[in-house]
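Novice:
Chains as they are written, first to last, in my numbering: chain A, 1 to 308; chain B, 1001 to 1304; chain C, 2001 to 2241.
(1) Measure from the C-beta of residue 1212 of chain B to each C-beta in chain C and report whether the shortest distance is under 7 angstroms.
(2) Considering only C-alpha positions, which residue in the set C/2053, C/2063, C/2234 and C/2100 is nearest to residue 2005 of chain C?
(3) Can you grab the Cα-Cα spacing for the pair residue 2147 of chain C / residue 2162 of chain C, in whole Å?
(4) By alpha-carbon positions, which one of B/1108, B/1249 and B/1047 ends up nearest to residue 1287 of chain B?
(5) Out of B/1153, B/1151, B/1180 and B/1146, state which residue places its alpha-carbon closest to the alpha-carbon of residue 1162 of chain B.
(6) Can you look up residue 13 of chain A in the DSSP assignment and give me helix, strand or coil?
(7) Between residue 1102 of chain B and chain C, is there a C-beta pair that is closer than 7 angstroms?
(8) So which residues on chain A does residue 2087 of chain C lean against when the C-beta distance must stay under 7 angstroms?
(9) Can you tell me where the beta strand (DSSP E) with residue 2222 of chain C in it begins and where it stops?
(10) In whole angstroms, what is the alpha-carbon distance linking residue 1280 of chain B and residue 1301 of chain B?
(11) Could you please give the first and the last residue of the uninterrupted beta strand (DSSP E) stretch that includes residue 284 of chain A?
(12) Is residue 2023 of chain C close to chain A, meaning its C-beta is less than 7 angstroms from at least one C-beta of that chain?
(13) State yes or no: is the C-beta of residue 114 of chain A within less than 7 angstroms of the C-beta of residue 95 of chain A?
(14) For the beta strand (DSSP E) that contains residue 348 of chain A, what are its first and last residues?
(15) Do residue 79 of chain A and residue 6 of chain A have their C-beta atoms closer together than 7 angstroms?
(16) Taking 7 angstroms as the CB-CB limit, is residue 2093 of chain C close to chain A?
(17) How is residue 1119 of chain B classed by DSSP in three states: helix, strand or coil?
(18) With DSSP collapsed to three states, give me the class of residue 21 of chain A.
(19) Go through the segment 2024-2053 of chain C residue by residue and report every complete run of the alpha helix (DSSP H) that reaches 4 residues or more, in order.
(20) Can you name the residues that DSSP bridges to residue 1034 of chain B?
(21) Among residues of its own chain, excluding the 5 on either side of residue 12 of chain A, which ones have a beta-carbon nearer than 6 angstroms to its beta-carbon?
(22) Cutting at 7 angstroms between CB atoms, please list the residues of its own chain near residue 1240 of chain B, excluding the five before and the five after it.
(23) Which one of A/19, A/52, A/177 and A/131 has the shortest CA to CA distance from residue 28 of chain A?
(24) I need the straight-line Cα distance from residue 2224 of chain C to residue 1078 of chain B, nearest angstrom please.
(25) Note down, in chain order, each residue of its chain lying with its Cβ closer than 8 angstroms to the Cβ of residue 168 of chain A, except the 5 sequence neighbours on either side.
(26) Is residue 2054 of chain C close to chain B? Criterion is C-beta to C-beta, closer than 7 angstroms.
(27) Should the segment 250-260 of chain A be called in touch with the segment 269-284 of chain A, which here means at least 3 C-beta pairs below 8 angstroms?
(28) With a threshold of 8 angstroms on Cβ separation, who are the neighbours of residue 1185 of chain B within its own chain once the five nearest residues in sequence on each side are excluded?
(29) Residue 232 of chain A lies in the beta strand (DSSP E); which residues open and close that run?
(30) On the premise that residue 40 of chain A lies in contact with residue 206 of chain A, defined as a C-beta separation below 8 angstroms, what is that separation, rounded to the nearest angstrom?
(31) Alpha carbon to alpha carbon, how far is residue 2061 of chain C from residue 2051 of chain C? Give it in angstroms, no decimals.
(32) Rounded to a whole number of angstroms, what is the C-alpha to C-alpha distance between residue 1153 of chain B and residue 2237 of chain C?
(33) Applying the 10 Å Cβ sphere with the 16-neighbour rule, what's the burial state of residue 102 of chain A?
(34) Whose CA, out of B/1026, B/1131, B/1083 and B/1109, lies closest to the CA of residue 2170 of chain C?
(35) Can you name the start and end residues of the beta strand (DSSP E) that residue 104 of chain A belongs to?
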């Protein structure tokens, strides 16, 4: 069980501040680092993996500093964002080489174990230059897992993966989190983070904006209403009925037909609204065709966080 | 009733102008203006004009270093010409590029990849090929930009020397003849260097390697040729040296100038016989055409 | 992980160096040297002056530094450029071990493509005087290895290592060295030329003590290697290019 402690860390380059006074503790389990591009996620992960020195503050793993300290890599594994171009090696040779560089007793066996874990056993003897993007990502993971690290850092691991590989990677991360490892990955795609991470850390413009469970963070923003689009078979009736309820702040009928039609709704109390809507619809005989939240996208979350 | 309502005040009217998407309906220029604009941009970019400040540093320094010795020579000629009884340029027009070849090589080596490798490496070439400019025109225009840029580099000190020579009262017609010969040589040299470096840059697409490869090719070829020429001159086997001179653009063009314009020689073994002189001229022409051919073939294989 | 040389990195380095264009140039350059030597020998027979000029001007000043530059920057610069070196650095292997292992590969290239061809060229030019060939071979060994250390340091300090290395070779060693005599105190080529002078009984460079040449080369080699390892300990992995 290892812990990463980030203590009042800032990193600037001339007059651009990439990370601005961030403090957080990353414990065992899967943590997601969420933020739009340019928020400082990659900079923070670089500092957590010992490849960048903070301008102020300290980054430690179990009390040991990461900067200029090679031995810490016995417990830390890193999956960087950029692809490795060891094109002249096969997958197996690459992972075995990493295992040898870690000084493992049986590099071949450890490599096989890691390759099996990411399910690349069939393709391991092909040259890396023939791999697809998802396969390259997975072989990078094998290289980072080969020494069984207690801490695993992944920078945008889902970039460029197709849905099936993504599901597989999510399973893998959850499995490793369940084993008690400290797993941190960064992403700007909400669904990936939501499904895998139990704890998320949100970074916006270099600042640590929020941490915790995403739904809980969302519900903390109670001064901003939830927006929905409802398509029903009797818009006007349902809108007027909903407006009578306390959880609804506003309703507007859209003028289009079919998919462009419907009700635009603002609900201030999400919990109550999600109970009220189906009840009222059934009571008044209105059929709900579609209920879509329009602001559960990352953009709106971030814009709430930034403007608050 | 309607008369009454019309007489009181006409109802306020309003119209909503639904502009929507306005496509461009003006004249569209054809291939030639596109190619010209592309040529001018390429030319300006080799000297860093129209780009960031950092890209101006190296070309401008090289240009300055090329002009500096010419300035000094002109100064000496004008001030002390009578005193030292100088009746011609201290360094001949045709010899100057040979003396400053290092600067020219560095310039060509750094700018050819910027013009040619960059588009290939990062795939931006598809932006150019999707315009009304044919692929072959793209290649020729790029090469032309590089050639003219190199010509400016090689030729501007010669212009300076010519003006200085006129100031120093050197004979007009003779100086002009020599100057024009030197400029023709500068153009040929620029064409050869641009062609060779463009070919190397187009084949090795990574920028750092392209720069290195161009310098290696130019430097090694000249050193080898110079060594052979020196040794063959001392050993009185000049034919070998003359043939060797075909293999480096600097000695090749110098030989052409020696043959066509009677310029003073700058290499130990310039071509003496008519046959060899024609071979020099033919090789120059073939080099330029061959490079163009290789480039066209290479760019035909580009897949966006 | 206290071993000074990591066989893994040596293996990786040896594979990577021939996987790109650099491999071709590494073969072409010594071929040019030997080809020229053959030509000179055919032209003038065994002439001391021509042989010296050929091996010095082309071999020691141009070919050997270029081989060192190609080998060393080919081992370090591409991996730093695209971030692959982070896979080597994210291990408990000592940074100095990484540098030394890569330099072992570079030294081997210098030996195979620089020193041996110089020996062969020297024997081709003057078979009656083996000390000539041996002198140039040892001189190129010293200057080649010293250059490797210099170019390794350049590779980890700047992205433009290759260009700067070339400018150093061309302008400092080539142009200025030919013009100014004082350059010899700070010129790797001239230090090794002094060594050649002693062994082959030539006079390529004047007034340069042998002990100075040897010590200076040694210092540059050791300090360059150590500083490169030091810089790698503080390596910054940047995100996008």
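Don't be surprised by glycine CBs; every beta carbon is placed ideally from N, CA and C.
Specialist: On the basis of the data shown:
(1) Position 212 of the second chain, counting from 1, holds the residue named residue 1212 of chain B. Yes, residue 1212 of chain B counts as interfacial toward chain C.
(2) Translated into the one-based positions of the third chain, residue 2005 of chain C becomes position 5. The shortest Cα separation from residue 2005 of chain C among C/2053, C/2063, C/2234 and C/2100 belongs to C/2100.
(3) Here the question's residue 2147 of chain C lines up with position 147 in the third chain. Here the question's residue 2162 of chain C lines up with position 162 in the third chain. For residue 2147 of chain C and residue 2162 of chain C, the distance between alpha carbons rounds to 13 angstroms.
(4) Taking the first residue of the second chain as 1, we reach residue 1287 of chain B at position 287. Ranking the options by Cα distance to residue 1287 of chain B, first place goes to B/1249.
(5) Numbered from its first residue, the second chain carries residue 1162 of chain B at position 162. With distances taken between Cα atoms, residue 1162 of chain B lies closest to B/1180.
(6) Along the first chain, one-based indexing puts residue 13 of chain A at 13. The answer is strand: DSSP assigns residue 13 of chain A an E or B state.
(7) Here residue 1102 of chain B refers to the residue found at position 102 when the second chain is read from its first residue. For residue 1102 of chain B, the answer is yes, since a Cβ of chain C falls inside 7 angstroms of its Cβ.
(8) Reading the third chain from its first residue, position 87 is the one you call residue 2087 of chain C. Simply 84, 98 and 143.
(9) Indexing the third chain from 1 puts residue 2222 of chain C at position 222. It is not in any beta strand (DSSP E) - residue 2222 of chain C instead sits in the alpha helix (DSSP H) that spans 2210-2233.
(10) Residue 1280 of chain B sits at position 280 when you count from the first residue of the second chain. Residue 1301 of chain B sits at position 301 when you count from the first residue of the second chain. Each residue's Cα considered, the two are about 32 angstroms apart.
(11) Working through the first chain from its first residue, we reach residue 284 of chain A at position 284. Counting along the chain, residue 284 of chain A falls outside any beta strand (DSSP E), and DSSP gives it neither H nor E.
(12) In the third chain, counting from the first residue as 1, residue 2023 of chain C sits at position 23. For residue 2023 of chain C, the answer is no, since every Cβ of chain A falls outside 7 angstroms of its Cβ.
(13) Position 114 of the first chain, counted from the start, is the residue given in the question as residue 114 of chain A. Position 95 of the first chain, counted from the start, is the residue given in the question as residue 95 of chain A. Taking 7 angstroms as the Cβ cut-off, residue 114 of chain A and residue 95 of chain A qualify as a contacting pair.
(14) There is no way to answer for residue 348 of chain A, as the model of chain A reaches only from 1 to 308.
(15) Working through the first chain from its first residue, we reach residue 79 of chain A at position 79. Working through the first chain from its first residue, we reach residue 6 of chain A at position 6. No; because the gap between Cβ atoms is not below 7 angstroms, this pair is not in contact.
(16) As a working mapping, residue 2093 of chain C is identified with position 93 in the third chain. Closer than 7 angstroms to some Cβ of chain A, the Cβ of residue 2093 of chain C qualifies, so yes.
(17) Position 119 of the second chain, counted from the first residue, corresponds to residue 1119 of chain B. In this structure, residue 1119 of chain B counts as helix in the three-state DSSP scheme.
(18) Within the first chain, residue 21 of chain A is the residue found at index 21, counting from 1. Strand at residue 21 of chain A.
(19) 2048-2053
(20) As a first step, residue 1034 of chain B is located in the second chain; it is residue number 34 there, counting from the start. For residue 1034 of chain B, which the question treats as bridged, DSSP gives no partner whatsoever.
(21) Locating residue 12 of chain A in the first chain gives position 12, counting from the first residue. Hits under 6 angstroms: 55.
(22) On the second chain, residue 1240 of chain B is found 240 positions in, with the first residue counted as 1. Cβ neighbours of residue 1240 of chain B beyond the five flanking positions: 1228 and 1232.
(23) As a working mapping, residue 28 of chain A is identified with position 28 in the first chain. The option with the nearest alpha carbon to residue 28 of chain A is A/177.
(24) For the purposes of this step, residue 2224 of chain C is taken as residue 224 along the third chain, with counting starting at 1. For the purposes of this step, residue 1078 of chain B is taken as residue 78 along the second chain, with counting starting at 1. Cα to Cα, residue 2224 of chain C sits roughly 50 angstroms from residue 1078 of chain B.
(25) Position 168 of the first chain, counting from 1, holds the residue named residue 168 of chain A. The residues are 119.
(26) For the purposes of this step, residue 2054 of chain C is taken as residue 54 along the third chain, with counting starting at 1. Yes, because at least one Cβ of chain B sits closer than 7 angstroms to the Cβ of residue 2054 of chain C.
(27) no
(28) Your numbering for residue 1185 of chain B matches position 185 in the second chain. The residues are 1093, 1094, 1097, 1253, 1254, 1256, 1257, 1261 and 1263.
(29) As a first step, residue 232 of chain A is located in the first chain; it is residue number 232 there, counting from the start. It spans 226-232 - the beta strand (DSSP E) in which residue 232 of chain A sits, taken as one unbroken run.
(30) Walking along the first chain from the start, residue 206 of chain A turns up at place 206. Walking along the first chain from the start, residue 40 of chain A turns up at place 40. Correct: roughly 4 angstroms between the Cβ atoms.
(31) Within the third chain, numbered from 1, the residue matching residue 2051 of chain C stands at position 51. Within the third chain, numbered from 1, the residue matching residue 2061 of chain C stands at position 61. Each residue's alpha carbon lies about 14 angstroms from the other.
(32) Within the second chain, the letter at position 153 stands for residue 1153 of chain B. Within the third chain, the letter at position 237 stands for residue 2237 of chain C. Taking the straight line from one Cα to the other gives about 39 angstroms.
(33) As a working note, residue 102 of chain A is residue 102 in the first chain. The residue is buried, with at least 16 neighbouring Cβ atoms inside 10 Å.
(34) By one-based count along the third chain, residue 2170 of chain C stands at place 170. Checked all of B/1026, B/1131, B/1083 and B/1109; the closest Cα to residue 2170 of chain C is B/1109.
(35) To locate residue 104 of chain A, count along the first chain from 1; it is residue 104. Taken as a continuous stretch (DSSP letters only), residue 104 of chain A belongs to no beta strand (DSSP E), as it is neither H nor E.
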